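Residues 5 to 360 (the working numbering) are what the sequence shown spells out, left to right. Notes follow once the structure below has been shown.
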Amino acid sequence: MKHSMQPLAMALACALVAGSPFWADGAEAQASSRAAAAPLRVTGFDVEQVDRLEPGAELNFTVWGTAGATVLLQIDGSRRTLRLDETSPGRYQGSYIVGRSDRIGPESRVHANLRRANRVATAQLGEALQVGWALPGEAALMPEIQSVAVTREPGRGRTEALRYTVRGTPGGQASVHLQGSQASNVVLDEQRPGEYVGTYVLPQGAWLDTEQPLVAQLRIGDRSVRSSAPNAYAGVNVTSRRGDACRDCATVQAVNAVTVDGEGRVLGTVAGGVLGAVVGSQFGKGDGRTAAGVAGAVGGALLGREIQRRNNQRTQYEVVVRMNDGVQRTVVYAEAPNFHIGDRVRFVGDALELQR
Numbered sequence: 005m006k007h008s009m010q011p012l013a014m015a016l017a018c019a020l021v022a023g024s025p026f027w028a029d030g031a032e033a034q035a036s037s038r039a040a041a042a043p044l045r046v047t048g049f050d051v052e053q054v055d056r057l058e059p060g061a062e063l064n065f066t067v068w069g070t071a072g073a074t075v076l077l078q079i080d081g082s083r084r085t086l087r088l089d090e091t092s093p094g095r096y097q098g099s100y101i102v103g104r105s106d107r108i109g110p111e112s113r114v115h116a117n118l119r120r121a122n123r124v125a126t127a128q129l130g131e132a133l134q135v136g137w138a139l140p141g142e143a144a145l146m147p148e149i150q151s152v153a154v155t156r157e158p159g160r161g162r163t164e165a166l167r168y169t170v171r172g173t174p175g176g177q178a179s180v181h182l183q184g185s186q187a188s189n190v191v192l193d194e195q196r197p198g199e200y201v202g203t204y205v206l207p208q209g210a211w212l213d214t215e216q217p218l219v220a221q222l223r224i225g226d227r228s229v230r231s232s233a234p235n236a237y238a239g240v241n242v243t244s245r246r247g248d249a250c251r252d253c254a255t256v257q258a259v260n261a262v263t264v265d266g267e268g269r270v271l272g273t274v275a276g277g278v279l280g281a282v283v284g285s286q287f288g289k290g291d292g293r294t295a296a297g298v299a300g301a302v303g304g305a306l307l308g309r310e311i312q313r314r315n316n317q318r319t320q321y322e323v324v325v326r327m328n329d330g331v332q333r334t335v336v337y338a339e340a341p342n343f344h345i346g347d348r349v350r351f352v353g354d355a356l357e358l359q360r
C-alpha cells in the first residue's frame with residue numbers, strides 16, 4: 005500500500021511545482037470550449053493608402069475582431085495570401101510589398117478571413133488602396149436581402165421571445181423593424197457570412213402587430229436596402245398579438261393634480277367667467293339706478309354661491325392612460341395615486357391596479 009501511493013504523490017508534487025494543479029486542465033478545457041463557441045466578428049478593416057501602386061509599394065493592413073484567431077488577406081491581383089499577426093488581443097496587423105509579378109491596381113478589392121477552428125468570419129475592405137480613388141467594387145457592394153424569417157426562441161419557457169434571421173450580402177449591418185404597442189428596431193449580429201440573427205423579448209403586456217409586413221434593412225457602408233416580408237409570422241405561435249393582447253391593460257401617460265369646486269368643476273373656467281360678469285355689471289357704464297339694482301341683486305346671489313364653492317374646493321387627481329388598442333382614458337382619484345408616467349396598469353372595474 006505504501007508503494008502504490010508513491011506515483012500519485014509524485015504526480016501531485018510535479019503538478020504543484022509546475023504551478024498548475026492537474027484539475028485545472030478541465031477548467032481550461034471548458035474555457036477553451038466556451039471561447040470556441042463564441043461568435044466570430046470582424047469589427048474593423050483598415051489600410052494605409054499609398055500614393056502609387058507600383059513594385060516596392062508597402063500596403064499596411066489592420067483588422068479588428070475576435071481575439072485568438074487567424075487572419076488571412078486575399079488581395080485581387082496578388083500572387084500570395086497575406087497573414088496578419090495578432091499584435092494585441094483582437095488587433096491583427098501585417099504588410100504586403102507589391103512585387104513585379106503582382107497585378108494589384110487601385111480598384112483591387114481586399115477580403116479578410118478571420119478563422120478559428122472550423123469557423124470563419126469574412127469582411128471586405130471599404131476603401132481604395134491608392135489615394136484619390138473611389139471605393140472599390142461599388143456595384144458589388146450594393147447590399148441584397150435574400151430572405152427574412154421569424155421563429156420562436158427555444159428554451160424561454162413562458163417568455164415571449166422571437167428569433168429573427170436575415171440572409172443576404174455578408175459584411176453588413178442588418179436590422180428588423182417591429183410594429184405594435186412598442187415600435188422598435190432589433191439589430192442583428194452576423195453569426196455566419198451573410199446570416200444575421202437577433203432575439204427580441206417582448207415586454208410584459210406589449211403586443212406585436214403580426215398582420216403588418218416585417219421590414220428588414222441591410223446596410224453596407226453608405227448604401228442600404230430594405231425588404232418587406234408580408235407573411236413573416238405565418239406559422240409562428242405569437243400569443244401577444246394585437247387581437248390577443250390584454251384588453252384591460254394600459255400605460256400611464258400623465259398624472260395631473262387639479263383643483264375643483266364644491267360641484268366638481270375645475271376652478272378657473274366657469275367660476276372665473278361668472279365673477280367677471282358680476283364685476284363688470286357693478287362697475288360698468290349702465291343706464292341708471294335700475295341697471296345698478298339688478299346687477300346688485302343678481303351679483304350678490306352669484307357671489308354668494310361662488311364663495312360657497314370656493315370654500316368647498318378640493319384637489320383631485322386625474323390619471324391619463326393609453327389602452328393597448330390606442331384608446332385614451334382618464335380615471336379620477338380623490339387621493340394621490342401611486343402611479344407614475346410609463347407604469348403598466350390594468351383596469352379592475354373602474355379603478356386601476358399596477359401590473360407587477
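Beta carbons are placed, not taken as given, at the ideal position from N, Cα and C, and that holds for glycine. Predicted model only: the values in this text are computed from it and were never measured.
- Message: Classify residue 179: buried if its beta carbon has 16 or more other beta carbons within 10 angstroms, exposed otherwise.
- Response: buried
- Please report the residue range of the beta strand (DSSP E) in which residue 194 lies. 188–196
- Task: Have a look at the DSSP bridge pairing and note the partners of residue 98.
- Result: 65
- Item | Span of the beta strand (DSSP E), counted from its first residue to its last, around residue 327 | 318–327
- Label residue 358 either buried or exposed according to how many other C-beta atoms from any shown protein chain fall within 10 Å of its C-beta, with 16 as the threshold for buried. exposed
- Item | Local conformation of residue 331 per DSSP, three classes | coil
- Just mark residue 69 as buried or exposed, buried being the case when its beta carbon has 16 or more other beta carbons within 10 Å. buried
- Query: Where residue 172 and residue 225 are concerned, what is the direct C-alpha to C-alpha distance, given to the nearest angstrom?
  - Reply: 15 Å
- Is the beta carbon of residue 190 sitting closer than 9 Å to the one on residue 202? yes
- Item | Pairwise C-alpha distance: residue 128 and residue 53 | 15 Å
- What's the C-alpha gap between residue 210 and residue 238? 20 Å
- Message: Which same chain residues end up closer than 7 Å to residue 146 when comparing Cβ atoms and leaving out the 5 residues on each side of it in sequence?
- Response: 227
- Message: Distance check for residue 66 and residue 48, CA to CA, integer angstroms please.
- Response: 8 Å
- Compute the Euclidean distance between the alpha carbons of residue 106 and residue 231, then round it to the nearest angstrom. 40 Å
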